[in-house]
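S.K.:
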Amino acid sequence: MPKAATTFLLSTVGTAAMLALCCAGGAAAADFPTTPKALTAPAAGTSDSKISAVGTSSGLVVAWNRSSGTSATILIQRFKDDGSAVGQPLQLDGPGFVEGLPTLVDLGRGKVGVVWKGPNASFSPSLKGAVYDVATGKIGAITPVLASGAASYIHDLALLKNGKVAVVTRSFATGGEDTTLIKLDGAMKPVGASRVVEDDVSGPFGAASYEQTVVANGSGGVAIFRASDSQLKGVPFDGAGKPGKQFQINSTTMPALDFFAFARFTVKAQPISNGGYVVTWVAYDAGQQLRFDVYARVFDSKGKAVGKDFVVHRDVSGDQAEPEIVAFDKGFGIGWHNVQVVGGFATQRMRFFDPAGKPLSEDLVTERFGIDGPSEIAIPNNNTEHAVLPNGDFLKLFAANGGIWGDRIAALAVGTPKATSWPQRLRPPRCSRAKAPTR
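Numbering-wise, the sequence shown is residues -29 to -1, 1 to 410 according to mature numbering (1 follows the signal peptide of the UniProt record, and there is no 0).
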């Protein structure tokens, strides 16, 4: 059985050790010592996955799918900052044929918005939304976000400056699958009509894109999706949801996806401290039709690209998946899942950058799995999630051994940290030997 920690381990690596981690150019990625803890313990024959999490003033809120055969239940629960559960999971939907994928957004004032995919009264696929009260652990009225025609398993949320929530998903209301923007109010109810930001164009396997996301920027945001030409595109929109002109996110041409890659392609975006945002995605390594590399590109407060895209991690002996972003006051970190094709092991890794995309560290291994994993946790699926606590520590969650596991990793104070928000115990120095990303 896996050895589960009783509390999240808060790492206390000294400056000398962090120097070794930061400046290990050309060497294998160094371990960032952590001890995972099991957050959930589903009954035999069931498993937890499809995680979404947000940090709160007292800990975090997690929502997930709990599956048994072809049936799924959608759950949400509070946890303290040491990973201990508060009360019991609250059921949002199911059990039944519910695709789920609950996705959370921090609404502020102790409220968390949640959207998931489930059948409506006529058993047509729809998106549903509600507000979760962090203090009481209760859910508000469940309302239709997209009453019918919810085509994609993927949907993402962003809180805009005006307090509205932007949802980007795919719908087939017009007969084909369209990338669709929906605006919600603070009660997670639709405001106005949904808008198509990309008309469906016949692409591989009948859909232009299998993955999309959204990020707040300026008074509005940007809807991001993989288009029918296999490139990553963005469409800016204002606070009222009015879309602007489409533009291309990636500067390095992405090879077309095959069936295997369509099932694994992901893209994420996150606001950062320059007032803009960063986008990360996976793409086939040049000349490969098997291995994914992790890419990223930074945009400023006006939505203009800061340089070209760059490689976060390339490893032709392994395969990368599920990149995630954590933002802090002096930059951002990108985490991803790495599976070695030969050797029977996997790692989760993270690399830190300043707001311009310049590296502040080499790869840091935040978890090891499989035959060389000290935690004795089997290689998990690629489903990972990160949440940030108010003091800057971040929580890394993943699905393995049927349940949800988590680690708490102390804030990395890089550059000139703010004493009010960044502990001084971890301070990797700027490292001139850290190799610049490939642009």
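From the three backbone atoms N, C-alpha and C, an ideal C-beta is built for every residue, glycine too.
Using only CA atoms, which one of Phe316, Val32, Ala370 lies nearest to Thr74?
M.R.: Val32
S.K.: Are Val83 and Thr27 closer than 9 Å when you measure CB to CB?
M.R.: yes
S.K.: Ignore the nearest five residues each way along the sequence and tell me which others in Leu10's own chain have a CB closer than 8 Å to its CB.
M.R.: Val33, Phe50, Gly54, Ala56, Leu368, Gly374, Ile375, Trp376, Gly377
S.K.: Sort out for me which residues DSSP pairs Arg141 with in a bridge.
M.R.: Thr150
S.K.: Across which residues does DSSP place Ile305 in a beta bridge pair?
M.R.: Ile296, Arg322
S.K.: Whole-angstrom Cβ separation of Phe323 and Phe340, contact assumed at under 8 Å?
M.R.: Incorrect: roughly 22 Å between the Cβ atoms, too far for contact.
S.K.: Looking only at C-alpha atoms, which of Val69, Tyr103, Asp52 sits nearest to Val76?
M.R.: The shortest C-alpha to C-alpha distance from Val76 to any of Val69, Tyr103, Asp52 is the one to Tyr103.
S.K.: Along the beta strand (DSSP E) that carries Gly40, what are the first and last residues, could you check?
M.R.: Looking at the DSSP string, Gly40 is not in any beta strand (DSSP E), and its letter there is neither H nor E.
S.K.: Along the chain, which unbroken stretches of the beta strand (DSSP E) at least 3 residues long are found entirely within the stretch 13 to 60?
M.R.: 18 to 26, 30 to 39, 42 to 51
S.K.: For Tyr266, which residues from the same chain have a beta carbon less than 8 Å from its beta carbon, with the 5 sequence-adjacent residues on both sides left out?
M.R.: Asn221, Thr223, Thr251, Trp252, Val253, Ala254, Asp280, Phe281, Val282, Val283
S.K.: Is the Cβ-Cβ distance between Leu117 and Val206 less than 9 Å?
M.R.: no
S.K.: Measuring CB to CB, does Arg262 end up less than 9 Å from Asp286?
M.R.: yes
S.K.: Measuring alpha carbon to alpha carbon, tell me which residue in Leu360, Asp364, Thr355 is nearest Asp19.
M.R.: Thr355
S.K.: Specify, as a first and last residue, the run of the beta strand (DSSP E) that Glu183 falls within.
M.R.: First, the residue type needs correcting, since residue 183 is Gln and not Glu in the sequence shown. Unbroken beta strand (DSSP E) run through Gln183: 183 to 188.
S.K.: Under a Cβ-count criterion, where at least 16 other Cβ atoms within 10 Å of its own Cβ denotes burial, should Ala179 be classed as buried or exposed?
M.R.: Here Ala179 scores only 45 on pLDDT, less than 50, and its place in the model should not be relied on; the value that follows carries that caveat. So Ala179 counts as buried.
S.K.: For the ligand NAD, any of its heavy atoms closer than 8 Å to the Cβ of Leu128?
M.R.: The ligand NAD is absent from the structure shown, which contains no ligand whatsoever.
S.K.: Which of the three DSSP states is assigned to Phe233 in this structure?
M.R.: helix
S.K.: Taking Cβ positions, are Val193 and Gly274 nearer each other than 9 Å?
M.R.: yes
S.K.: Just verifying my parser: in three-state terms, what is the DSSP assignment at Asp170?
M.R.: coil
S.K.: Leaving out five residues before and five after residue 411 in sequence, what residues of the same chain have Cβ atoms less than 6 Å from its Cβ?
M.R.: Summary: the structure shown does not reach residue 411, with the chain confined to residues -29 through 410, and so no result is reported for it.
S.K.: Hey, could you find the ends of the beta strand (DSSP E) Thr224 is sitting in?
M.R.: Looking at the DSSP string, Thr224 is not in any beta strand (DSSP E), and its letter there is neither H nor E.
S.K.: With DSSP collapsed to three states, give me the class of Leu203.
M.R.: strand
S.K.: When the distance is taken between beta carbons, is Gly212 closer than 9 Å to Gly163?
M.R.: yes
S.K.: Any idea what DSSP makes of Leu117, helix, strand or coil?
M.R.: strand
S.K.: Can you tell me where the beta strand (DSSP E) with Ala370 in it begins and where it stops?
M.R.: Here the beta strand (DSSP E) through Ala370 covers 365 to 371.
S.K.: Tell me which same chain residues have a C-beta within less than 6 Å of the C-beta of Gln319, skipping the five on either side of it?
M.R.: His308, Thr337, Glu338
S.K.: Nearest to Phe303 by CA position, among Ala112, His357, Ala122, is which residue?
M.R.: His357
S.K.: Quick one: Cα of Ala198 to Cα of Ala240, how far?
M.R.: Approximately 16 Å, taken between the alpha carbons.
S.K.: Check for me: the beta strand (DSSP E) holding Ala358 runs from which residue to which?
M.R.: Per DSSP, Ala358 belongs to the beta strand (DSSP E) from 355 to 359.
S.K.: CA-CA distance, Phe208 and Trp87?
M.R.: When rounded, the distance between both Cα atoms is 23 Å.
S.K.: Report the three-state DSSP secondary structure of Ile243 (helix, strand or coil).
M.R.: Coil.
S.K.: What's the gap between the Cα of Val310 and the Cα of Ile243?
M.R.: 28 Å
S.K.: Might you give, ordered along the chain, the residues of its own chain that have their beta carbon closer than 7 Å to the beta carbon of Lys160, omitting 5 neighbours on each side?
M.R.: Thr114
S.K.: In whole angstroms, what separates the C-alpha of residue 411 from that of Ala370?
M.R.: No statement about residue 411 is possible, as the shown extent of the chain runs from -29 to 410 and does not include it.
S.K.: Using the three-state DSSP reduction, which class does His284 fall into: helix, strand or coil?
M.R.: The answer is strand: DSSP assigns His284 an E or B state.
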